[in-house]
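First to last, the protein sequences are chains A and B.
Read in order, the letters of the first sequence correspond to residues 1 to 273 in our numbering.
Read in order, the letters of the second sequence correspond to residues 1001 to 1333 in our numbering.
The beta-carbon is built from N, C-alpha and C at its ideal position, and this holds for glycine as well.
Worksheet for the structure shown next.
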Amino acid sequence: MGFLFLILSSLTHSQTTQTAQTTPERIASLNICIDQLLWELVPHERLVSISYLTANPLWSPIAAQVRGIPLNHGLAEEIVPLKPDVILAGEFDAAAAVELLKRLGNRVERLPLPRQLDDINQQILQLGELVGANEKALLMTQKTSKQVAELQAATNNQQLLTAFWYSSNGVVIGDGTLEHELMQLAGLRNLAAERGMHGFNQLDLELLLSAKPQILIIEDSDAGAFSLAREYLAHPALANAGFKIVRLRAGLSVCAAATLGDVAVELKQELAK
Amino acid sequence: MQTKISFPQVVIVLSVAIIATAALSLNSGAADIPVLQSLKDIWHGEQSLGATIVGQIRIPRVLLALIVGATLGMAGAAMQGLLRNPLADPGVLGVTSGAAFGAVCILYFGVAATAWYWLPAAAIIGALLSLVLVYLLAGLHSSMLALILAGVAMSAITGALIAVALNFAPSLYAMQEIVFWLMGSLANRHWDHVSIALPLALIGWLLMLSRSRFLDALSLGEESTRSLGFNNHRERGILLFGIAMGVGACVAVSGSIGFIGLIVPHLLRPFVGYRPGRLMFASALGGALLLILADILVRQFDAARELKLGVVTSLLGGPFFLLLILKTRSRWA
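And the structure:
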């Protein structure tokens, strides 16, 4: 899932224009991450269409809850008959559909996607502003900030432990990522970043073992579906290597903004064990 | 080609070469570790870094290269003997991709987790189905063209079925992994894979080798096998089953690796007195040697994004296949 994040996060500059338009009542979203934030921010009956990915339990933690809400596959013809007041999309979602929707006279807002911890709160506030849920958005950011801050407080004044954040396909996560920032807050030395790795890189299993990390952070995901990519994380050599394996249920790789707080809390709990 | 090398000599030379390349293979890998010391650590049950890397990563990998290479080499020799056709090979005729299709169906749709035997069983059935189909389509006519065309069609069908199955698999990574199943790899394999492949591959070897005398007789024609008292149907059935069993068990853990069974029997045939029975044994050794070498080769490039094993064997085997076609042109149609 890292690839998605990579693509989505590589553009940092906001293209969204602040408009003085009225607060939209009927909201359609083409983006799974925006869906997850909207689910928290606005009454559910205001959502007239959400991304089909949001209804897929492989991608989305709220798949079971969104049943009944019309789904779209990023096609203009699915959105137009619903007559939404605003259509929300991520940076890179369905370029052709967005263009078409705009030309048909719809209000389309594109939201930038976060690559740093600071971006996340900004994104949530911006979305809150757009849909007229400023207060809820503020509460959400305060909660996330608190959870992240607690991660830092829990690990203050401790000796730095060495760690890799190890994900599917044998990919380790270097600097310039949210995972790296979280590791630093948690008082971990990211060995991938120390090797000069930037972003997401594959690391040979032998080299990973040779680096002798004290902690290996692994995200559980995929609801048990088999893939060779996940087999990397189940290699028996990892179990025998004598480092502590920290397993996180929630990951940042799909929707960082919606899961950041959970990841911080889990990471804190797991490291404290 | 007339050679003075005897069969035992061929076996000894190949065995020594396998041991040497296996040692070389244990020494090649991304991590820089003392292999001898690591082997000692394993022997004494010490938990060192080297012991983990050699014991959990490199030894199973060499063993798998050996098992898979031996099986594909032997299966190639068996198929060439059975079909009396020098272009037969489990990869070229779509038997390996049939096995891969069986494995994909079981792995990605959650059945494999219920019991260990589902995975090899499905791969063996996939191999057997495609093998029998090719055999029925082409084996009835002793035409090379018919065999190759049937093989091409079978490869295309099973390859497409793998793609379709992965497309519908409930995994985010499934479509990326098509390359593994079509090209094969030994990267990131471990002891579980050895324990799935080895027992069934062994049975496959025994089944194939037990029909050595039948293959020898068959090289003189079907009439002679019958006059020698062989039950042709039964013998053929056992051979086909042995081939499918070995190939299925291996492909289930390695993906389909092509051309081993085509190249090796050809290179070794002159050294075994053109006897198909002996050729199977020699080809098993030769196949193991070739695959261990190929596996060393793929690890020499960028370690993290290593080349798929089947790419190397295809680069070797493809031109070889063309040469064979040119050489045998006079016998076509």
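Rounded separation between residue 11 of chain A and residue 1044 of chain B - CA only: On the first sequence, position 11 is the one that residue 11 of chain A refers to. On the second sequence, position 44 is the one that residue 1044 of chain B refers to. Reliability of the predicted coordinates at residue 11 of chain A is poor, the pLDDT of 36 falling under 50, and no value is obtained from them.
Tell me the rounded alpha-carbon separation between residue 52 of chain A and residue 101 of chain A. For the purposes of this step, residue 52 of chain A is identified with residue 52 of the first sequence, where counting begins at 1. For the purposes of this step, residue 101 of chain A is identified with residue 101 of the first sequence, where counting begins at 1. Going from the Cα of residue 52 of chain A to the Cα of residue 101 of chain A covers about 18 angstroms.
So, for residue 5 of chain A: in the same chain, excluding its five sequence neighbours on each side, which residues have a beta-carbon less than 6 angstroms away from its beta-carbon? The sequence position of residue 5 of chain A within the first sequence is 5, counting from 1. For residue 5 of chain A, the pLDDT reaches just 41, beneath the cut-off of 50, and the residue's location in the model is therefore unreliable, leaving the point undetermined.
Beta carbon of residue 1018 of chain B nearer than 8 angstroms to that of residue 1292 of chain B: Here residue 1018 of chain B refers to the residue found at position 18 of the second sequence. Here residue 1292 of chain B refers to the residue found at position 292 of the second sequence. Closer than 8 angstroms, so yes.
Which stretch, first to last residue, makes up the beta strand (DSSP E) that contains residue 23 of chain A? Numbered from 1 along the first sequence, position 23 holds the residue referred to as residue 23 of chain A. Taken as a continuous stretch (DSSP letters only), residue 23 of chain A belongs to no beta strand (DSSP E), as it is neither H nor E.
Between which two residues does the beta strand (DSSP E) holding residue 165 of chain A run? Working through the first sequence from its first residue, we reach residue 165 of chain A at position 165. For residue 165 of chain A, the enclosing beta strand (DSSP E) stretches over residues 161-167.
Quick one: using the 10 Å Cβ neighbour count with 16 as the cut-off for buried, is residue 1001 of chain B buried or exposed? Reading the second sequence from its first residue, position 1 is the one you call residue 1001 of chain B. The predicted position of residue 1001 of chain B is uncertain, since its pLDDT is 47 and thus under 50; a value taken from the coordinates is nonetheless stated next. Exposed, since its Cβ has fewer than 16 Cβ neighbours within 10 Å.
For residue 1159 of chain B, which residues of its own chain have a beta-carbon under 7 angstroms away from its beta-carbon, when the five flanking residues on both sides are left out? For the purposes of this step, residue 1159 of chain B is identified with residue 159 of the second sequence, where counting begins at 1. 1097 and 1182.
In chain order, what residues of the stretch 163-185 of chain A put their CB closer than 8 angstroms to some CB of chain B? Taking 8 angstroms as the Cβ-Cβ cut-off against chain B, the residues of the stretch 163-185 of chain A that qualify are 168, 169 and 170.
For the putative contact between residue 151 of chain A and residue 185 of chain A, defined by C-beta atoms under 8 angstroms, what is the C-beta separation to the nearest angstrom? Within the first sequence, numbered from 1, the residue matching residue 151 of chain A stands at position 151. Within the first sequence, numbered from 1, the residue matching residue 185 of chain A stands at position 185. Taking the Cβ atoms as the reference, residue 151 of chain A lies roughly 5 angstroms from residue 185 of chain A, within the contact range of under 8 angstroms.
Near residue 3 of chain A, which residues of its chain fall below 6 angstroms by C-beta distance, leaving aside the five closest residues on each side in sequence? Position 3 of the first sequence, counted from the first residue, corresponds to residue 3 of chain A. Any reading at residue 3 of chain A needs caution, since the residue's pLDDT is 43, under 50, leaving its predicted position unreliable; the model's value is listed next. Nothing listed; no residue qualifies.
Counting only beta-carbon separations shorter than 8 angstroms, does residue 1116 of chain B have a partner in chain A? Residue mapping note: residue 1116 of chain B aligns to position 116 of the second sequence, counting from 1. At a cut-off of 8 angstroms, the C-beta of residue 1116 of chain B has no neighbouring C-beta in chain A.
Quick check on the burial criterion: 16 or more other C-beta atoms within 10 angstroms. Buried or exposed for residue 1010 of chain B? Counted from its first residue, the second sequence places residue 1010 of chain B at position 10. Buried.
Can you name the residues of chain A whose CB is closer than 7 angstroms to the CB of residue 1056 of chain B? Here the question's residue 1056 of chain B lines up with position 56 in the second sequence. Listed by position along chain A, the residues whose Cβ is nearer than 7 angstroms to that of residue 1056 of chain B are 236, 237 and 240.
Using the beta-carbon of each residue, which ones in chain B are nearer than 8 angstroms to residue 52 of chain A? What you label residue 52 of chain A is simply residue 52 of the first sequence in a count that begins at 1. Close partners of residue 52 of chain A in chain B (Cβ separation under 8 angstroms) are lacking, with about 14 angstroms as the shortest Cβ gap.
Under 7 angstroms Cβ to Cβ from residue 1245 of chain B, same chain only, skipping five residues before and after it: list those, please. Within the second sequence, the letter at position 245 stands for residue 1245 of chain B. Around residue 1245 of chain B: 1124, 1200, 1203, 1204 and 1207.
Can you tell me the Cα-Cα spacing of residue 1177 of chain B and residue 92 of chain A, whole angstroms? Here the question's residue 1177 of chain B lines up with position 177 in the second sequence. Here the question's residue 92 of chain A lines up with position 92 in the first sequence. Their backbone Cα atoms lie some 25 angstroms apart in a straight line.
CB contact below 8 angstroms: residue 97 of chain A versus chain B: Along the first sequence, read from residue 1 onward, the residue named residue 97 of chain A stands at position 97. With 8 angstroms as the cut-off, residue 97 of chain A does not count as an interface residue toward chain B.
Which ranges would you report for the beta strand (DSSP E) in the stretch 51-91 of chain A if only whole runs of at least 3 residues count? Listed in chain order, the beta strand (DSSP E) runs fully inside the stretch 51-91 of chain A are 86-90, counting runs of at least 3 residues.
Bridge partners - residue 198 of chain A, DSSP secondary structure assignment: Walking along the first sequence from the start, residue 198 of chain A turns up at place 198. DSSP, once it has assigned bridges, lists A:175 as partnering residue 198 of chain A.
Let me know if residue 39 of chain A comes out buried or exposed under the rule of 16 or more other beta-carbons within 10 Å of its beta-carbon. As a first step, residue 39 of chain A is located in the first sequence; it is residue number 39 there, counting from the start. If you draw a 10 Å sphere on the C-beta of residue 39 of chain A, you find 16 or more other C-beta atoms in it, and that means buried.
Taking only the alpha-carbon atoms, compute the straight-line gap between residue 161 of chain A and residue 202 of chain A and give it to the nearest angstrom. Along the first sequence, one-based indexing puts residue 161 of chain A at 161. Along the first sequence, one-based indexing puts residue 202 of chain A at 202. Rounded to the nearest whole angstrom, the C-alpha separation of residue 161 of chain A and residue 202 of chain A is 22 angstroms.
Bridge partners - residue 188 of chain A, DSSP secondary structure assignment: Working through the first sequence from its first residue, we reach residue 188 of chain A at position 188. A:161.
Which chain A residues sit within Cβ distance under 8 angstroms of residue 1047 of chain B? Taking the first residue of the second sequence as position 1, residue 1047 of chain B is located at position 47. Against chain A, the beta carbon of residue 1047 of chain B has neighbours under 8 angstroms at 240 and 242, listed in chain order.
Cβ separation of residue 25 of chain A and residue 49 of chain A, assumed to be a contact under 8 angstroms, to the nearest whole Å: Locating residue 25 of chain A in the first sequence gives position 25, counting from the first residue. Locating residue 49 of chain A in the first sequence gives position 49, counting from the first residue. Going by Cβ atoms, the distance from residue 25 of chain A to residue 49 of chain A rounds to 14 angstroms, so no, they are not a contact pair.
When the Cα atoms are used, what is the spatial distance from residue 1059 of chain B to residue 1071 of chain B? Here residue 1059 of chain B refers to the residue found at position 59 of the second sequence. Here residue 1071 of chain B refers to the residue found at position 71 of the second sequence. If you take the alpha carbons of residue 1059 of chain B and residue 1071 of chain B, they lie about 18 angstroms apart.
Under the three-state reduction of DSSP, which class applies to residue 1234 of chain B: helix, strand or coil? By 1-based counting over the second sequence, the position of residue 1234 of chain B is 234. Residue state, collapsed to three classes: helix.
Note down the Cα distance separating residue 226 of chain A from residue 1109 of chain B, rounded to an integer number of angstroms. Sequence index remark: in the first sequence, residue 226 of chain A carries index 226 (1-based). Sequence index remark: in the second sequence, residue 1109 of chain B carries index 109 (1-based). Their Cα atoms are separated by approximately 8 angstroms.
Kindly indicate if chain B contains any beta-carbon less than 8 angstroms away from that of residue 60 of chain A. To locate residue 60 of chain A, count along the first sequence from 1; it is residue 60. So, not an interface residue.
Using 8 angstroms as the threshold, is the C-beta distance between residue 1156 of chain B and residue 1251 of chain B below it? Looking up residue 1156 of chain B in the second sequence gives position 156. Looking up residue 1251 of chain B in the second sequence gives position 251. Going by beta carbons, residue 1156 of chain B and residue 1251 of chain B fall outside the 8 angstroms limit.
Rounded C-alpha distance that separates residue 1 of chain A from residue 1172 of chain B: Within the first sequence, residue 1 of chain A is the residue found at index 1, counting from 1. Within the second sequence, residue 1172 of chain B is the residue found at index 172, counting from 1. Per-residue confidence for residue 1 of chain A stands at a pLDDT of 40, beneath the threshold of 50, marking its modelled position as unreliable; the derived number appears in the next sentence. Rounded to whole angstroms, residue 1 of chain A and residue 1172 of chain B show a C-alpha spacing of 7 angstroms.
Does the separation of the CB atoms of residue 1268 of chain B and residue 1286 of chain B fall below 8 angstroms? Within the second sequence, numbered from 1, the residue matching residue 1268 of chain B stands at position 268. Within the second sequence, numbered from 1, the residue matching residue 1286 of chain B stands at position 286. Yes.
Should residue 136 of chain A and residue 37 of chain A be called a contact, given that it needs their Cβ atoms to be closer than 8 angstroms? By 1-based counting over the first sequence, the position of residue 136 of chain A is 136. By 1-based counting over the first sequence, the position of residue 37 of chain A is 37. The criterion of a C-beta distance shorter than 8 angstroms is not satisfied by residue 136 of chain A and residue 37 of chain A.
At a CB-CB cut-off below 9 angstroms, which residues of chain A make contact with residue 1180 of chain B? As a position in the second sequence, residue 1180 of chain B is number 180, starting the count at 1. What residue 1180 of chain B touches in chain A: 228.
For the stretch 1091-1160 of chain B, list the alpha helix (DSSP H) runs that are entirely contained and at least 4 residues long, ordered along the chain. For the stretch 1091-1160 of chain B, whole alpha helix (DSSP H) runs of length 4 or above, ordered along the chain, are 1095-1108 and 1118-1139.
Residues of its chain near residue 15 of chain A, where Cβ-Cβ distance is below 6 angstroms and the 5 sequence neighbours each way are ignored: To locate residue 15 of chain A, count along the first sequence from 1; it is residue 15. Low per-residue confidence applies at residue 15 of chain A: pLDDT is 41, beneath 50, and the placement is therefore not dependable enough to give any value.
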